[in-house]
Each structure stands twice: as structure tokens, then as C-alpha cells.
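Counting along the sequence shown from 1, when you hit position 7 you're at 6 in numbering that gives the first Met the number 0, and nothing is skipped either side. A virtual CB, placed ideally from N, CA and C, is assigned to each residue, including glycine. None of the values given here were measured: they were computed from a predicted structure. A short worksheet on the structure shown next.
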Amino acid sequence: MHIRKKFDDVAGKVCEAFLPVKHEYCIGSGKELAICTLSSIGLLEEISKSNIMSKVAIAGRLLSANKGIDTMIRFTLEHPDLRRIIVCGKEVRGHRAGQALLALARNGIDRDGRIIGALGPYPILKSPDRDVTAFRRQVEITDMIGTVDIEKLVP
Numbered sequence: 000m001h002i003r004k005k006f007d008d009v010a011g012k013v014c015e016a017f018l019p020v021k022h023e024y025c026i027g028s029g030k031e032l033a034i035c036t037l038s039s040i041g042l043l044e045e046i047s048k049s050n051i052m053s054k055v056a057i058a059g060r061l062l063s064a065n066k067g068i069d070t071m072i073r074f075t076l077e078h079p080d081l082r083r084i085i086v087c088g089k090e091v092r093g094h095r096a097g098q099a100l101l102a103l104a105r106n107g108i109d110r111d112g113r114i115i116g117a118l119g120p121y122p123i124l125k126s127p128d129r130d131v132t133a134f135r136r137q138v139e140i141t142d143m144i145g146t147v148d149i150e151k152l153v154p
């Protein structure tokens with residue numbers, strides 16, 4: 000399994016170099032709400048051009064159940080007014096980042112930083128337990144995985 004992880008890390012670096020991901024996130028003028036579009040770049044682009052951006056602090060994608068969630072935890076703790084994250088869009092095949100985020104909200108992490116109940120291949124966080132606990136207390140995660148209709152996201 001260790002060799003597979005190293006291979007996946009190298010493959011990820013090659014993909015970053017040759018297929019750079021644009022539009023990872025957009026900052027809005029709201030304070031209490033964030034929208035996570037998982038792998039749906041089209042949905043993120045649509046949100047970024049809409050009036051929804053006046054209601055959200057950030058809209059962004061989540062592609063991994065480890066580094067991506069660690070980044071989300073850090074951002075959340077740096078923005079204490081943030082209270083709700085809507086998880087929507089298409090799930091990330093293989094990595095199941097959305098499912099991992101929901102599992103984190105429900106179950107937390109074990110002693111090794113593994114998200115309890117996450118189904119993806121490497122749902123291991125580097126965030127300290129105290130940060131994970133603070134994140135779980137600070138925000139409510141709304142499960143709208145699979146929803147790609149912008150009209151259904153924010154009233």
C-alpha cells in the first residue's frame with residue numbers, strides 16, 4: 000500500500016504539471032456560508048458569476064479526502080463567522096472527497112488522523128485533533144452531493 004501511495008503522489012504531481020486545475024475557489028462577500036462543488040468545475044464557474052457570491056464567503060472545489068479537507072479546516076478556522084458548508088456537485092470518483100467530509104462531520108478522526116467512516120483510499124488528515132474538533136463545532140455540513148442545479152443551492 001505504501002508503494003501505491005507513492006505512485007499516486009507522483010501521478011498527481013505529473014497531472015498538476017500537465018493538466019493544471021483552474022478555478023479552485025472564488026471569494027465572495029458573505030461571511031457565514033461556503034459552497035463546496037466537489038469535482039463540478041462548471042457549477043463553480045456558474046456560482047462565481049451569480050448573485051450567490053454576495054451570500055457566500057467562499058465557493059470552491061474539493062478533490063481529495065486529505066489535503067483538500069485539511070485546507071478546508073484551516074480556512075474555516077481562520078474565518079470564525081463561517082457557520083455552514085453546502086457540499087454539492089458531482090462526487091470525486093475514487094477519492095470520495097464529499098463522502099469523507101460528511102464522515103468527518105459525523106465521526107471525526109481516529110488517533111492516526113484517519114477520518115472515521117470515510118470510504119476513499121487515503122482519508123488521512125494532517126490537521127491536529129484540536130483543529131478537527133473546532134472545525135466540527137464551528138460548521139454545519141449540508142449534504143447536497145449530486146445537486147448541480149444552482150437554483151436549488153441557496154434560497
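Query, Result
"Assign residue 150 to one of three DSSP states: helix, strand, or coil.", "helix"
"Does the beta-carbon distance from residue 92 to residue 31 come in below 9 Å?", "no"
"Residue 103 to residue 131, Cα distance in whole Å?", "8 Å"
"Which residue wins for smallest C-alpha separation from residue 80, given the options 123, 111 and 33?", "33"
"Should residue 110 be labelled buried (16 or more other beta-carbon atoms within 10 Å of its own) or exposed?", "exposed"
"Would you check if there are 3 or more beta carbon pairs closer than 8 Å linking the region 57-70 to the region 113-128?", "yes"
"Leaving aside the five residues before and after residue 153 along the sequence, list all residues of the same chain whose C-beta is less than 8 Å from its C-beta, in chain order.", "32, 34, 51, 54, 55 and 85"
"Take the Cβ of residue 129 as the centre, count every other Cβ of all protein chains shown within 10 Å, and call the residue buried at 16 or more, exposed below.", "exposed"
"Using three-state DSSP, classify residue 10 as helix, strand or coil.", "For residue 10, the predicted model reports a pLDDT of 42, less than 50, meaning its position is unreliable; a value from the coordinates is still stated below. Helix, per DSSP."
"By Cβ distance below 8 Å, which residues in the same chain neighbour residue 72 in space, the five residues on each side in sequence not counted?", "124, 126, 130, 131 and 134"
"Would you mind listing the beta strand (DSSP E) stretches within the region 15-75 that are 3+ residues and don't spill past its ends, in chain order?", "24-26, 32-35 and 57-59"
"When the Cα atoms are used, what is the spatial distance from residue 27 to residue 48?", "11 Å"
"From residue 116 to residue 106, what distance separates their C-alpha atoms?", "7 Å"
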